[in-house]
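Undergrad: The numbering of the sequence shown is the numbering used here, which starts it at 257 and goes up by one. Just passing along the structure, written as structure tokens.
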Amino acid sequence: MLLVIATAAVFLDLLLGEPRRGHPLVLFGNWVQRVEARLHRDRRSAGVLVWCVSVLPLTCVAAVLQWGLWCVSPRAAAGFAAITLYLALGLRSLGEHPQAVIDALRATDLPAARAAVGRIVSRDTAARDATQVAAAATESVLENGSDAVFAALFWGVALGAPGAVLYRLSNTLDAMWGYRTPRYVNFGWASARIDDALNWLPARLTAATYAVLGRTRAGMRCAWRQGRGWKSPNAGPVMAAGAGVLHVQLGGPAPYHGHWQGRPALGEGAAASANSVQRALRLVRAGHRAGDVMIGMRMVWRLTSMHQLTVHDGAGGVAPAPGARDP
Numbered sequence: 257m258l259l260v261i262a263t264a265a266v267f268l269d270l271l272l273g274e275p276r277r278g279h280p281l282v283l284f285g286n287w288v289q290r291v292e293a294r295l296h297r298d299r300r301s302a303g304v305l306v307w308c309v310s311v312l313p314l315t316c317v318a319a320v321l322q323w324g325l326w327c328v329s330p331r332a333a334a335g336f337a338a339i340t341l342y343l344a345l346g347l348r349s350l351g352e353h354p355q356a357v358i359d360a361l362r363a364t365d366l367p368a369a370r371a372a373v374g375r376i377v378s379r380d381t382a383a384r385d386a387t388q389v390a391a392a393a394t395e396s397v398l399e400n401g402s403d404a405v406f407a408a409l410f411w412g413v414a415l416g417a418p419g420a421v422l423y424r425l426s427n428t429l430d431a432m433w434g435y436r437t438p439r440y441v442n443f444g445w446a447s448a449r450i451d452d453a454l455n456w457l458p459a460r461l462t463a464a465t466y467a468v469l470g471r472t473r474a475g476m477r478c479a480w481r482q483g484r485g486w487k488s489p490n491a492g493p494v495m496a497a498g499a500g501v502l503h504v505q506l507g508g509p510a511p512y513h514g515h516w517q518g519r520p521a522l523g524e525g526a527a528a529s530a531n532s533v534q535r536a537l538r539l540v541r542a543g544h545r546a547g548d549v550m551i552g553m554r555m556v557w558r559l560t561s562m563h564q565l566t567v568h569d570g571a572g573g574v575a576p577a578p579g580a581r582d583p
């Protein structure tokens, strides 16, 4: 059932995309900003408290609703879980936002490319050249292939609606507070660490998927040698594997919040360009299609097994050998 839910959620995401108005994550973000304004303190304990207040009640509500619907109608519970997971996914938007960067780079409109990439990355982009803009967009696509797609599906399949809510809200708080700036270095500590924990296994599965779908040796080599030195324990292996598969150079120093941060080089090969962003999108989509194939095979196997059991039960047991008589 959970595999059917995941397939339905992906279908809804590709068909509808993100809601243009009233997206629950936007409403959640606006609400937690008000919570932060009241409860912010320069202490880790304050960040733990606000994370619990922000995430746990909504996760519990999702769990209660799923359980209640299941008691009434399993199909209704599955529909609720599929809609919840759809709202946690970002596969279609993952392609829409970087496409603006690709179009601007191919039109040699650097100001437009800088503005477009600035909407999907947190680093400073005002003074970046075309190669740096392309590298930033490629890194964003590869990382969000894990964060916005594979990890959300992982937790949605593992735990249903509560898993999708827990993961997406935690990931949203990390995006808002998980920075080593004076304001968030302590307050955002819990959000960053919890997001790291939730993404640990999905990120490594994503890195392995990237490697399997392309230059496998290069992808695994870069993930192992370069990814471990990245400041994020999850983004490093994912981006390094993707860069190795795409044969492109990523990483290196970059400005964040007015300060340059030293970052290891990732990947190998040519400098980033509009083509590398496009190829990164294709890699993420190929990974998604591979997941669809695995889900489909799993569903066929289960249906075949159920059919065989039904046929066996309907036959009334094993037929007697020819010539045999009842005692």
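Note that the Cβ used here is the ideal one computed from N, Cα and C, for glycine as well.
Between which two residues does the beta strand (DSSP E) harbouring V504 extend?
TA: Segment 504-507, the beta strand (DSSP E) holding V504.
Undergrad: Measure the beta-carbon distance from G419 to R348 and round it to whole angstroms, keeping in mind my assumption that it falls under 8 Å.
TA: Contact doesn't hold; Cβ gap of about 21 Å is too wide.
Undergrad: So, helix, strand or coil for W516, using DSSP?
TA: Correct three-state label for W516: strand.
Undergrad: Between T394 and S488, what straight-line distance do the alpha-carbon atoms span, to the nearest angstrom?
TA: Computed Cα separation, rounded: 17 Å.
Undergrad: When DSSP labels each residue in this structure, what does M555 get in the three-state scheme?
TA: Because M555 carries a pLDDT of 49, less than 50, the predicted location of this residue cannot be relied on, and the following value inherits that uncertainty. Note: M555 maps to helix in three-state DSSP.
Undergrad: According to the neighbour-count rule (16 or more other Cβ atoms, all chains shown, within 10 Å of its Cβ), is M555 buried or exposed?
TA: Unreliable positioning characterises M555 in this predicted model, as indicated by a pLDDT of 49, which lies under 50. The coordinate reading is nonetheless provided below. M555 is exposed by the Cβ-count criterion.
Undergrad: In the DSSP assignment, what are the bridge partners of A521?
TA: DSSP, once it has assigned bridges, lists G507 as partnering A521.
Undergrad: Give me, in chain order, the residues of the same chain whose beta-carbon lies closer than 6 Å to that of G514; leave out the 5 immediate sequence neighbours on both sides.
TA: Closer than 6 Å at the Cβ level, and outside the excluded window around G514, lies no residue.
Undergrad: Thinking C-alpha only, which one of S396, A369, A431 is nearest R384?
TA: Out of S396, A369, A431, A369 has the C-alpha closest to the C-alpha of R384.
Undergrad: In three-state terms, what does DSSP make of A467?
TA: The answer is helix: DSSP assigns A467 an H, G or I state.
Undergrad: Helix, strand or coil: how does DSSP classify A528 here?
TA: In the structure shown, A528 sits in coil (DSSP, three-state: anything other than H, G, I, E or B).
Undergrad: Excluding five sequence neighbours on each side, which residues of the same chain lie with their C-beta closer than 6 Å to the C-beta of Y342?
TA: Correct list, in chain order: A265, L268, D269.
Undergrad: Would the stretch 284-299 and the stretch 424-433 be scored as touching if the rule is three or more Cβ pairs under 8 Å?
TA: At 8 Å Cβ cutoff, the stretches touch.
Undergrad: So P438 and W486 are in contact, right, with Cβ under 8 Å, and what is the actual spacing, rounded?
TA: No, P438 and W486 are not in contact; Cβ-Cβ is about 23 Å, not under 8 Å.
Undergrad: Considering only residues of the same chain and omitting the five flanking positions on each side of W326, which have a CB-CB separation below 7 Å?
TA: Cβ within range, chain order: A333.
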